[in-house]
Amino acid sequence: MRQNFFNLSIAFVLIFTCFQFYQNVYAQCPPGWNYAVRPLVINGCTYNVSICYTCSPTGANPATVTVLNIDQNGCPPVDLEDVRLALIADYKNLCTVQPCGGDCSLQMSLLIEMPSCWQWYYNMNFINGEWHFYSWRVPCGERFCGTWYKVCYDQATGQVIKCQPWQIIKTARGTACPNTAKIPWPQFFDPATMHYNVNNEPWQDCYQEEECTF
Numbered sequence: 030m031r032q033n034f035f036n037l038s039i040a041f042v043l044i045f046t047c048f049q050f051y052q053n054v055y056a057q058c059p060p061g062w063n064y065a066v067r068p069l070v071i072n073g074c075t076y077n078v079s080i081c082y083t084c085s086p087t088g089a090n091p092a093t094v095t096v097l098n099i100d101q102n103g104c105p106p107v108d109l110e111d112v113r114l115a116l117i118a119d120y121k122n123l124c125t126v127q128p129c130g131g132d133c134s135l136q137m138s139l140l141i142e143m144p145s146c147w148q149w150y151y152n153m154n155f156i157n158g159e160w161h162f163y164s165w166r167v168p169c170g171e172r173f174c175g176t177w178y179k180v181c182y183d184q185a186t187g188q189v190i191k192c193q194p195w196q197i198i199k200t201a202r203g204t205a206c207p208n209t210a211k212i213p214w215p216q217f218f219d220p221a222t223m224h225y226n227v228n229n230e231p232w233q234d235c236y237q238e239e240e241c242t243f
């Protein structure tokens, strides 16, 4: 019973936190942009990725997807490049993608912007003589790293094709992260250094997850 109560408590805290976050991030989309939360399956696990995005009416003009948050949804932390690739594959479900004119002779430019700065959060409780620990990361700061891709839609397979060279250039915008040293995923904390019933507390500083370079 106590275990079930603990699980329900964790679920409520995470749902409430995400609800507050999504209310705030929707207002961050520029005028004329669209907002969506996309369930992306990466390595067999579903991540809910909130984005602002633009569409090209014909698929011929450049378009942009800006990531606002990655809800781990109980999954382990995910590599940001895997999220970018999943967003490229999913983009056809949001907007028109330029049909390939045969071997990428026709293509479009797609900009994927990812938050550069992240901060680890954790939740920890002592139930039935055992520590239960969950960690996740949320964006912090105002820096984004944009990666331009050349893509097109293969009508034969129904897939978005990444044209070569498909990773063109990276561009950064916003203020630099407070801490440029990457902080690894906190697998578990030493209970001797923790207090009981920790709820949604940040761990360490806002840090730079990856450099905006190839």
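Just so you know, my numbering puts 224 at position 195 of the sequence shown, and the rest follows in order with no gaps. Even glycine gets a Cβ: it sits at the ideal position worked out from N, Cα and C. None of the values given here were measured: they were computed from a predicted structure.
- [ ] For Y82, write down the residues that DSSP places opposite it in a beta bridge.
- [x] N63, V94
- [ ] Could you give the DSSP three-state label for N157: helix, strand or coil?
- [x] coil
- [ ] Could you tell me which of E171, M143, Q57 sits nearest to V96, measuring between CA atoms?
- [x] M143
Task: C-alpha distance - N53 paired with M137, whole-angstrom precision - done: With a pLDDT of only 47 at N53, under the threshold of 50, the placement of this residue in the model should not be trusted; the figure read from the coordinates follows. If I take the Cα positions, the gap works out to 31 Å.
Open item on the list: Determine whether the beta carbon atoms of L140 and T93 lie at a separation below 9 Å.
Closed with: yes
Task: Residues near V126 by beta carbon distance below 7 Å, same chain, minus five either side - done: G88, Y120, M137, V180, C181, Y182, V189
TODO: Specify the secondary structure class of A210 as computed by DSSP and reduced to three states.
DONE: coil
Task: Close-in-space but distant-in-sequence residues of the same chain around P128 (CB under 6 Å, 5 per side omitted) - done: Y182, Q184
- [ ] Please report how far the alpha carbon of P207 lies from the alpha carbon of F173, in whole angstroms.
- [x] 13 Å
Task: Through-space distance from K191 to C133, alpha-carbon basis - done: 8 Å
Task: Exposure label - G170; buried when at least 16 CB within 10 Å - done: buried
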